[in-house]
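Visitor: As they're listed, the protein sequences go chains Z and R.
Read left to right, the first sequence gives residues 1 to 193 (the numbering used here).
Read left to right, the second sequence gives residues 194 to 386 (the numbering used here).
Cβ atoms here follow ideal geometry from the backbone N, Cα and C, with glycine treated the same way.
Protein chains: 2
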Amino acid sequence: MDRRQQKTRQAIFYAFSSLLERKNFNNITVQEIIDEANVGRSTFYAHFETKDSLLKAMCTDIFLHVFSDDLKQESSHDFSHAGHDFQKEITHILYHLQDNRKNLKGLLSCDSGDIFMGYFKEYLEQTFPIYIREMNYNVPADYLLNHVVCSFSETVRWWITRHEQYTPEQIAAFFAQCVLKQCFTESKSHSLP
Amino acid sequence: MDRRQQKTRQAIFYAFSSLLERKNFNNITVQEIIDEANVGRSTFYAHFETKDSLLKAMCTDIFLHVFSDDLKQESSHDFSHAGHDFQKEITHILYHLQDNRKNLKGLLSCDSGDIFMGYFKEYLEQTFPIYIREMNYNVPADYLLNHVVCSFSETVRWWITRHEQYTPEQIAAFFAQCVLKQCFTESKSHSLP
DNA sequence: TACATTATCAAACACTTTGTTCTGTATTTA
DNA sequence: TAAATACAGAACAAAGTGTTTGATAATGTA
C-alpha cells in the first residue's frame, strides 16, 4: 500500500479522534477534520465516502485487533470451571481495548459513543453465545444474550470514559461479580424440568 | 393554552413519531416533518428551536408521565423484603412505558433510540439510588448504579423494540432474575469488614 | 357581538455544509 | 527514467437550516 495513503489515513484518524475529545460527533464538520489533518478536501473524499464511514472505519480498525482469533486458541474451554473461561476472554478483550484507549476515549465520548457501542455490540453478539450456553437461565435466551452483551459494553464505556485507573483484571472482576456470578454458581436445577 | 398551539404541537409530535418508525433520525429533515404534520415552516420553528429539541421535548413529555410522583407514595418501602419494593417500582414504570409504547417504538428505533436512552438513564440515575443502597456489592457504588441503570434501560429497549408480547410483570421478572436476585438474596457479609 | 391578541401560513432570504469535479504538482513504484 | 497514482486547492451545484416578512384566520375576552 502506498505510503502516502497510509500517512493520509492516519492523519485523518488522528485528527478525527482528537476532535472527538473536544466536540460532539454531529457538530464536527468535514472542513474541521481536513483542517486538523491538514489534507485537501478531495483527498478526504478519496479515502472516505462520508463522516459516518470514517467513524465506522475507525471502529473496524480497532475491532480487528480486539477480536483477533488468537484468543480463541488460548482458551482451554474447561467445562469443569464454567465461567472461568469467559472471565479469561473478557480480560483478554479488555487488554486489547486498553491498548487502543487513546482512540477509544474520543470514540466513546458523546454521541459517537453510541455509534461505537452499536458496532461493539454486534461483535459481542457473535462472540458471547458460546459462553452463554452454559449459563443458568429462567429467562429467554436472547434476553440473556442481550443482557450480557449490554452489561459488558457498558462496563467498557464506564471504564474508558470515567474510570481508567482500574486494571483489566479489576474491571473483569466487577463484571463477573454483577453478571457472571449468579449465572454460573447457582444450581442449574431451576431451569431444568 | 391556545387550542391551536396544542393541535400544532400534537401534529408535529405525531408526524415525527411516525417518521421515526420509517427513517433514521439523522436522515429526517425539518421539511419532511412539516410536510407530514402539514404545518408551516415558521410554525415549526415557533414551537421548537431545532430537530434535536423536538426529540428532547417528546422524551420529556413521556418521562413526565412515567416518573410521576404518585408511585413514590404507593411504595411501602418494606426493608424486610429488600428488592421487593424495587421490583414493584420497576413494574410500575413498565406499565407507564407500555401506555406510551406507540411513541416509544418510534423513539427507540435506530439512532434516536440512543438519544432517548441517554435521557432515560438520567432519570433512572436519580430514581434508583434509594433502592441500590440496600444491595450487596463488592464493586464500586457508581459501577453498580451504572450497571443497574443500563441493564434496566436496555431491558426496556429489548422489550419495546422487539418483544412486545411480554407483560410488564414478565419483563420485571426477567430483570429481577438477571440483575436483582444476586444482589438481594446473598449474604451481605462479603462486603462488610 | 366586536375587538385585540396571537397563532398560523407561504414565500423569500442569507448562510452553512456537503459531495463532486477539475487542473496542476509531487510522490511512488516498476 | 517513465507511467501510474495520490495529492492540494479551488470552484461548483445541491441540499438543508434557521430567520424574516406580511397577510390571513382562529382564539379568548370585554
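If you drop the 5 nearest sequence neighbours on each side, which residues of the same chain put their C-beta closer than 6 Å to that of Z/A37?
Guide: Closer than 6 Å at Cβ, skipping near neighbours: A11, I12 and A15.
Visitor: Please return the same chain residues whose Cβ sits closer than 6 Å to the Cβ of Z/F25, not counting the five positions on each side in sequence.
Guide: Counting only Cβ-Cβ distances below 6 Å, and skipping sequence neighbours, we find D111 and S112.
Visitor: In or out: Z/R3 buried (at least 16 other Cβ within 10 Å) or exposed?
Guide: That one is exposed.
Visitor: Output the distance between the C-alpha atoms of Z/F116 and Z/L145, rounded to the nearest integer angstrom.
Guide: Between Z/F116 and Z/L145, the C-alpha separation is close to 19 Å.
Visitor: Are the C-beta atoms of R/N331 and some chain Z residue less than 8 Å apart?
Guide: It does; some Cβ of chain Z falls within 8 Å.
Visitor: Hey, R/F260 and Z/Y143: beta-carbon distance below 8 Å or not?
Guide: Not a contact, by the Cβ cut-off of 8 Å.
Visitor: Would you mind reading off the limits of the alpha helix (DSSP H) that contains Z/F13?
Guide: It spans R3 to L20 - the alpha helix (DSSP H) in which Z/F13 sits, taken as one unbroken run.
Visitor: Please list the partners that Z/Y119 has in chain R, where partner means a Cβ-to-Cβ separation under 7 Å.
Guide: Within 7 Å Cβ-Cβ: nothing; Z/Y119 doesn't reach chain R, min ~12 Å.
Visitor: Kindly indicate if chain Z contains any beta-carbon less than 8 Å away from that of R/E347.
Guide: Judged by the 8 Å Cβ criterion, R/E347 is in contact with chain Z.
Visitor: Apart from the five residues just before and just after R/Y316, which ones in its own chain have a Cβ nearer than 6 Å to its Cβ?
Guide: F256 and F260.
Visitor: Just to confirm, are Z/C178 and R/V332 a CB contact at a threshold of 8 Å?
Guide: Closer than 8 Å, so yes.
Visitor: Out of R/F313, R/K298, R/R350 and R/D254, state which residue places its alpha-carbon closest to the alpha-carbon of R/S211.
Guide: Per the Cα distances, R/K298.
Visitor: Rounding to the nearest angstrom, what Cα-Cα distance links R/D245 and R/Q199 in this structure?
Guide: For R/D245 and R/Q199, the distance between alpha carbons rounds to 20 Å.
Visitor: Under a CB-based cut-off of 8 Å, is Z/C59 close to chain R?
Guide: It does not: the Cβ of Z/C59 has no partner Cβ on chain R nearer than 8 Å.
Visitor: Can you list, in chain order, the residues of its chain whose CB lies under 8 Å from that of R/C252, leaving out five sequence neighbours each side?
Guide: The answer, listed in chain order, is L300, I308, F309, Y312 and F313.
Visitor: Against chain Z, does R/L337 count as a neighbour if the rule is that its beta carbon must be under 8 Å from one of theirs?
Guide: Yes, R/L337 counts as interfacial toward chain Z.
Visitor: How big is the Cα-Cα spacing for Z/K181 and Z/R133?
Guide: C-alpha separation (whole angstroms): 15 Å.
Visitor: Specify the secondary structure class of R/K216 as computed by DSSP and reduced to three states.
Guide: DSSP places R/K216 in coil when its eight states are reduced to three.
Visitor: Please list, in chain order, all residues of the same chain as Z/L94 whose beta carbon is under 7 Å from its beta carbon, the five residues on each side excluded.
Guide: Hits under 7 Å: P168, I171 and A172.
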